[in-house]
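One structure is given below, encoded as structure tokens.
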Amino acid sequence: MPQDRASAEELLGGVEAFLRKDVLPQLSGASIYKCRVAANILSIVQRELAKGEQANSAELEGLQALLGRQGEGSSEAALLDDLNGELCAGIRSGKLDEQRDVVMSHVRSTLQDKLAIANPKYAGYRESLGE
Amino acid sequence: MSKGAVTDDSSPGLSDGDVAGLLSEEASRYFSAGEAANIEKMSGGASRETWSFDWVGNDGSSTGLILRRDPGNTGSSGEEGWRGGKTTYSLDRTTEAELQRVVSDAGGLVAKVHFALPEDHALGGCYVMDRIEGEVLAPRILREEAYAGARLTMARQCGEILAGLHAVDPATLPGNLVQMPVQPLIAYYRELLDGISEFYRDNTAIARPEYHPAFELTFRWLEQNMPKDAPSGLVHGDFRNGNFVVGPEGIRAVLDWELGHVGDGMEDLGWLCVRAWRFGQHNNPVGGFGQREDLFAGYEDAGGRKVDPKVVHFWEVLGTLKWGIICMFQAYKHLSGLINSFEHMAIGRRACENEIDLLKLIEEA
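Residue numbers (our numbering), protein chains in the order written: chain A, 661 to 791; chain B, 6 to 370.
Next up, the structure:
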């Protein structure tokens, strides 16, 4: 059964607005920085709640296509870990050297999804999108 | 992996009053008759503190001074490494002071060191140097009108400063300076990445390793693009905007010598070009203030070896990788209990900024 409104994102949005509009103007010194970081953390978590699930499935699909197997494990997290472990080991050993272009393209798309959550304003992210 | 005691931003041991008292006492041993005045803590952390004070002589003269100290006697000569809560080898205060003296004697732009105290002194390892007036905060240096002229000259000036620094006679350097050519440096960050991932898998409630394919691609690229026959000499190790004292005419002094080591001087040029130091000024790859051509020309004209842009690029890639792994390490420090700081935890989410930049950097080359 779903939780009642407000949703997790809505709750976090409310607290974030409180920090930015009400708390921040009253602070001084090092607390200003900490309060900004706290508000930024709440916006990361909101974006993760909105986009995290889709980013994980896209990453899993990308890994399965790249490595040509489904992965082992009983949860999405376990499958991701299994396949990412193989990807990293393959890059490290040189086994995937020949497939560098497809590997790069998979890694780029995974990172773009990560940055859409962690910091969508980051200049390097915007550049990677061709903006 | 060993865990240190949980610390916060306050310094263990001496109170600020104790430090001021001991500092007055030590300064009066060193300087001629007079007294210490305006003693003020400028910045403090668990591992490093900077204090400002004036020595006012009985003859009316006044000298602006800086005390740099380790509050918790946490300095090391490099053995503890990251397990002790540090991101890399770092010099103890005594060696850092000695290095600054050597650079100063060789004509480098560095504050004159007056005296240093050993780690077993009541003040902890520390030293006192001249206070050079000017701006240190990078965003101000990059944006304020007062530094518009400085910004035009700084890339070239950085090249000149580095050429001088890299030419310091190795025989004059402190004997315990760490040898850090490229391979051990890469191995160091390899170990850091693997160690953090293993820690997350074995010691946290979310018992999962952390994978960074873009870092793996970068390690692979570094292996395949390693510069050959790099000469060895003094490297500053953290030569970037934020460690410069700047006036309207340009750089007045280079600060923070604790990552000084012996290695390939091109490391300093590449590090200066890492995106994190541009503070949003993306059209100026050199520290947010200048162009690579000017940096290289300044270096060569001041007697530095011919710059191979590919080698500098290699070091920019390695520098970006280092910064990305340091982001992971900041989160690790909180998650492992070394410190208690949610701000550090959040920095872990910035590792991916470096990863997306690395993909571009290793694709371009």
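Even for Gly, the Cβ is constructed at its ideal location relative to N, Cα and C.
Mind reading off the beta-carbon distance from residue i to residue j? Whole number of angstroms is fine, and I expect it under 8 Å.
| i | j | result |
| --- | --- | --- |
| LEU771/A | ILE361/B | 5 Å |
| SER237/B | VAL259/B | Between VAL259/B and SER237/B the Cβ distance is about 20 Å, and since that is not below 8 Å, they are no contact. |
| LEU227/B | ILE191/B | 6 Å |
| ILE201/B | PHE334/B | 7 Å |
| LEU114/B | ILE256/B | 6 Å |
| TRP262/B | GLU101/B | 5 Å |
| ARG354/B | ILE751/A | That belief does not hold up - the Cβ atoms of ARG354/B and ILE751/A are roughly 23 Å apart, past 8 Å. |
| ALA710/A | ARG680/A | Going by Cβ atoms, the distance from ALA710/A to ARG680/A rounds to 19 Å, so no, they are not a contact pair. |
| LEU27/B | LEU142/B | Their Cβ separation, rounded to whole angstroms, is 29 Å, which puts LEU27/B and LEU142/B out of contact at 8 Å. |
| LEU363/B | VAL322/B | 7 Å |
| ASP269/B | PRO232/B | 7 Å |
| GLY39/B | TRP60/B | 6 Å |
For residue i, which three-state DSSP category applies?
| i | result |
| --- | --- |
| TRP328/B | helix |
| GLN772/A | helix |
| LYS311/B | coil |
| THR223/B | helix |
| VAL259/B | strand |
| GLN105/B | helix |
| ALA127/B | coil |
| LEU72/B | strand |
| GLY295/B | strand |
| ALA121/B | strand |
| ARG355/B | helix |
| VAL183/B | coil |
| GLU795/A | Given that chain A is displayed from residue 661 to residue 791, the structure contains no residue 795/A and the question cannot be resolved. |
| GLU84/B | Unreliable placement is indicated for GLU84/B, whose pLDDT of 34 sits below 50; the coordinate value is still reported in the next sentence. Coil at GLU84/B, not helix or strand. |
| VAL675/A | helix |
| GLY238/B | strand |
| GLU149/B | coil |
| GLU140/B | strand |
| SER16/B | In this prediction, SER16/B scores a pLDDT of 43, lower than 50, which makes its location untrustworthy; the coordinate-derived value is nonetheless stated afterwards. Correct three-state label for SER16/B: coil. |
| ARG195/B | helix |
Nearest CA to the CA of residue i: which residue from the options?
| i | options | result |
| --- | --- | --- |
| ARG225/B | GLN188/B, GLU138/B, LEU104/B | GLN188/B |
| PHE120/B | SER109/B, GLY113/B, GLY112/B, GLU103/B | GLU103/B |
| HIS318/B | LYS365/B, ASN248/B, HIS171/B, ARG148/B | LYS365/B |
| ARG760/A | TRP276/B, ARG354/B, LEU96/B, ALA219/B | ALA219/B |
| VAL250/B | GLU305/B, GLU272/B, PRO144/B | PRO144/B |
| GLY275/B | ARG213/B, GLN296/B, TYR337/B, VAL183/B | GLN296/B |
| SER95/B | VAL316/B, LEU182/B, PRO232/B, PHE204/B | LEU182/B |
| THR177/B | GLY329/B, GLY65/B, LEU239/B, GLU348/B | LEU239/B |
| MET371/B | GLU40/B, GLY285/B, HIS287/B, PHE301/B | Chain B is shown from 6 up to 370; residue 371/B falls before or after that span and cannot be answered. |
| SER29/B | ASP21/B, SER37/B, ALA42/B | ALA42/B |
| LEU739/A | SER717/A, ALA749/A, VAL675/A, GLU758/A | SER717/A |
| TYR264/B | GLY22/B, SER37/B, MET185/B, VAL107/B | Reading off the sequence shown, one finds Leu at residue 264/B, where the question assumed Tyr. Ranking GLY22/B, SER37/B, MET185/B, VAL107/B by Cα distance to LEU264/B puts MET185/B first. |
| HIS349/B | TYR337/B, PRO214/B, GLU358/B | TYR337/B |
| PHE347/B | VAL697/A, SER688/A, SER753/A, GLU676/A | VAL697/A |
| ASP773/A | GLU676/A, ARG707/A, CYS748/A, VAL683/A | ARG707/A |
| ALA778/A | GLU721/A, VAL763/A, ILE701/A | ILE701/A |
| ASN359/B | LEU789/A, GLY784/A, GLY790/A, GLU791/A | GLY784/A |
Give the range of the beta strand (DSSP E) segment to which residue i is assigned.
| i | result |
| --- | --- |
| CYS131/B | 131 to 135 |
| THR209/B | From DSSP, THR209/B is part of no beta strand (DSSP E); its letter is neither H nor E. |
| GLY252/B | 249 to 252 |
| GLY268/B | 266 to 268 |
In the DSSP assignment, the alpha helix (DSSP H) including residue i goes from what residue to what residue?
| i | result |
| --- | --- |
| LEU157/B | 153 to 171 |
| ARG271/B | Checking the sequence, you will find Met at residue 271/B rather than Arg. That run of the alpha helix (DSSP H) goes 271 to 277. |
Inset, instruction - Please specify which runs of the alpha helix (DSSP H), each continuous and at least 4 residues long, are wholly inside the region 678 to 761 of chain A, giving them in chain order. - result: Counting only runs of 4 or more, we get 690 to 727, 736 to 753.
Inset, instruction - Note down, one range per segment and in chain order, each beta strand (DSSP E) of at least 3 residues found wholly within the region 32 to 69 of chain B. - result: With a minimum length of 3 residues, the continuous beta strand (DSSP E) runs that stay inside the region 32 to 69 of chain B are 39 to 49, 54 to 62.
Inset, instruction - Check each residue of the region 734 to 747 of chain A: if its Cβ is closer than 8 Å to any Cβ of chain C, include it; give the result in chain order. - result: The structure shown contains no chain C; the protein chains it does contain are A and B.
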